[in-house]
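Protein chains in written order, with our numbering: chain Y, 1 to 442; chain S, 1001 to 1195. For every residue, glycine included, the Cβ atom is placed at its ideal position computed from N, Cα and C. Structure first, commentary second.
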């Protein structure tokens, strides 16, 4: 331990003497985390969907007594997608190329069927293949759902107009035919003028019951059209940028970069300084040298990770955002940062041991950071192999540990599980790094 | 009395043979010169004797306190000379006052980072580092290649002092003439084997 402590103190002193390196080590991953957050938040938020109009949609469509401005309606219902008007062939080609993710086709006769209101018109949809098809299908379904909601009111109003005719009588139109009905009100009046008999009384009772029942038709129709209504309650939740997920990934990415680059550079630096031969003379065996670099990564990850966590916590408190435990869980978070930093430091040590010089080690470490992070970001249900590979690296376990530490009501199960993973991976990569430390070569 | 004995030590790097099986013995009180052309295996032999490099075959019996000056500077460039001396003193479990004494003795700048020192001063620092543990055997690999005449004389004086104190010194050099008055005997290494 004495040798590890001495080499560690030397490394910390060396690091403190290069403040520019410290700034870069902190600023670069924070910047990348912010950019990744933006990309993750907004990329594919509005997928391009082609609209193929084979019916020749008019500028306005009248459904019942409602007149729809077609362009305005399409714009309103397609907030979550970017609709582009294409011909059938062009749309098919762009779908095949991946330039668009879905094709929504308005078939011939669509508007006529819609206006007749005797059966539902259809829209045809083709969705791209691959991992995002499910999400795209949902977005197109959401578009059609929103359109249905708008038409639903027109359909109900039109149907209620027929009910009104049945109740009160008057002139009406259906399938281009005009007609006049007496209605229940007129029927009642006629019945009242007839000589009262048992048969007339039974008809009067029916008219009375029918008038009461039909008066409730409006609510019944609306309930039938939308059995469950979604009413959105306004909540004071966190913005996406302060969410648990963003904070966990920002911490994970920051210390992955820090720990990998620092440990790789520090271990390869021993070779650059030509001191491996001196240390190898029984002063600092390779295992302890690796341990010192792992400890360095753990300490620096803890200090700078806590800095990032303090910044998040301060913003959360100042912004009075609810949820999470911004202060009370910081000690647990510190332990998680140290453990994750150390495990990642072991991976960095392996890189440093395999590389011949510090510059190569640092470059390789930088190049490794993004693949490691992206593997951890890909949901396993989208690409299972990414999940398996990511399980063999400390990043995703660190992120899950941070998330549980900061936000779970009962974090101990996840903390224990991820701690086990990180300890195991840290030990494995440390052993590999120890074996890979090349002997001094005069 | 032999202070250091190597029996049949050899070293390969991949398929390349850097040192054929070699026997070396250093007796108390002697200064031995190790000469030979570049690539003859001098540095490899000294590294093996110092314990920095494991031999592919053979055995080395060495004393507990051994000083080694490698051919290329071997210290931390971002630490000062004194910090280097104190760090290696701590690693060798030598009191830090020994580091302070050597820094003064070798007139090493106290506050300058080692990477900013002249080549000569860096070589002096390496010699000082080798003397931290008051070694019984001192192994010097081209120790004076960058030193001025005064500093060279200082190194040879130190080597003589180690030998006169009952220790042994092995010096690898291209400049045999420098050691003509100092060395008690000479070993010549050619293409990895002692001539």
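Item, Value
"CB contact check: residue 273(Y) to chain S, cutoff 9 Å", "yes"
"Neighbour flag for residue 17(Y) against chain S, beta carbons, 9 Å", "yes"
"Beta-carbon spacing of residue 1051(S), residue 1065(S) below 9 Å", "no"
"Residue range of the alpha helix (DSSP H) that includes residue 343(Y)", "330-354"
"Contacts that residue 1106(S) makes with chain Y (C-beta to C-beta distance below 7 Å)", "Ordered by position in chain Y, no residue passes the 7 Å Cβ test against residue 1106(S), which lies about 17 Å from the chain."
"Buried or exposed by the 16-neighbour rule on C-beta atoms within 10 Å, applied to residue 35(Y)", "exposed"
"Residues within the region 1030-1057 of chain S neighbouring chain Y, beta-carbon criterion of under 7 Å", "1043, 1044, 1047, 1050, 1051, 1052, 1053 and 1054"
"Residue 169(Y) vs residue 162(Y) beta-carbon contact at 9 Å", "no"
"Supposed contact pair residue 1073(S) and residue 1111(S) - C-beta distance, whole angstroms, cut 8 Å", "So it is not a contact: roughly 19 Å between Cβ atoms."
"Status (buried if at least 16 other CB within 10 Å, exposed otherwise) for residue 327(Y)", "exposed"
"Bridge partner(s) assigned by DSSP for residue 1113(S)", "1080(S)"
"Residues sharing a beta bridge with residue 1013(S), DSSP", "1016(S)"
"Cut-off 8 Å between Cβ atoms - residues of its own chain near residue 1132(S), not counting five sequence neighbours on either side", "1067, 1085, 1088, 1089, 1092, 1094, 1098, 1099 and 1102"
"Buried or exposed by the 16-neighbour rule on C-beta atoms within 10 Å, applied to residue 1038(S)", "exposed"
"Residues, ordered as in the chain, of the region 273-290 of chain Y that lie near chain S by beta-carbon distance below 9 Å", "273, 274, 275, 276, 277, 278, 279, 280, 281, 282, 283 and 284"
"Residue from 181(Y), 21(Y), 340(Y) and 291(Y) whose Cα sits closest to the Cα of residue 2(Y)", "291(Y)"
"Residue range of the beta strand (DSSP E) that includes residue 1123(S)", "Taken as a continuous stretch (DSSP letters only), residue 1123(S) belongs to no beta strand (DSSP E), being part of the alpha helix (DSSP H) at 1119-1130."
"Where residue 261(Y) falls, given that 16 or more other Cβ within 10 Å makes a residue buried", "buried"
"Listed by chain order, chain Y residues near residue 1071(S) by CB distance under 8 Å", "442"
"Cβ neighbours of residue 1047(S) in the same chain (closer than 7 Å, five flanking residues each side left out)", "1053"
"Three-pair Cβ contact test at 8 Å for the region 263-276 of chain Y versus the region 340-352 of chain Y", "yes"
"Per-residue DSSP class, three states only, for residue 72(Y)", "helix"
"Near-chain Y residues of the region 1086-1101 of chain S - C-beta to any C-beta below 8 Å", "1087, 1088, 1090, 1091 and 1092"
"8 Å Cβ shell around residue 1166(S) - same chain, five flanking residues per side excluded", "1028, 1029 and 1136"
"Segment limits, alpha helix (DSSP H) that includes residue 177(Y)", "Unbroken run through residue 177(Y) is the beta strand (DSSP E), 177-181; no alpha helix (DSSP H)."
"Length of the line joining the Cα atoms of residue 135(Y) and residue 117(Y)", "31 Å"
"Counterpart residues of residue 1156(S) in DSSP-defined beta bridges", "According to DSSP, residue 1156(S) bridges with nothing at all."
"Residues of its chain near residue 137(Y), where Cβ-Cβ distance is below 6 Å and the 5 sequence neighbours each way are ignored", "127"
"Cβ-based burial, residue 400(Y) [other Cβ within 10 Å; buried from 16]", "buried"
"C-beta contact flag for residue 66(Y) and residue 157(Y) at 9 Å", "yes"
"Contact set between the region 1159-1177 of chain S and chain Y, restricted to residues whose Cβ is under 7 Å from the partner", "none"
"Closer than 8 Å at the beta carbon, the chain S residues around residue 267(Y)", "The premise fails here: residue 267(Y) is roughly 14 Å from chain S at the closest Cβ pair, so nothing lies under 8 Å."
"Within chain S, the residues that residue 6(Y) reaches when beta carbons sit closer than 8 Å", "1087, 1090 and 1091"
"Residue 1066(S) - DSSP class collapsed to helix/strand/coil", "strand"
"Rounded Cβ spacing between residue 395(Y) and residue 28(Y) (contact assumed at less than 8 Å)", "That belief does not hold up - the Cβ atoms of residue 395(Y) and residue 28(Y) are roughly 16 Å apart, past 8 Å."
"Coarse secondary structure for residue 1192(S), derived from DSSP in three states", "coil"
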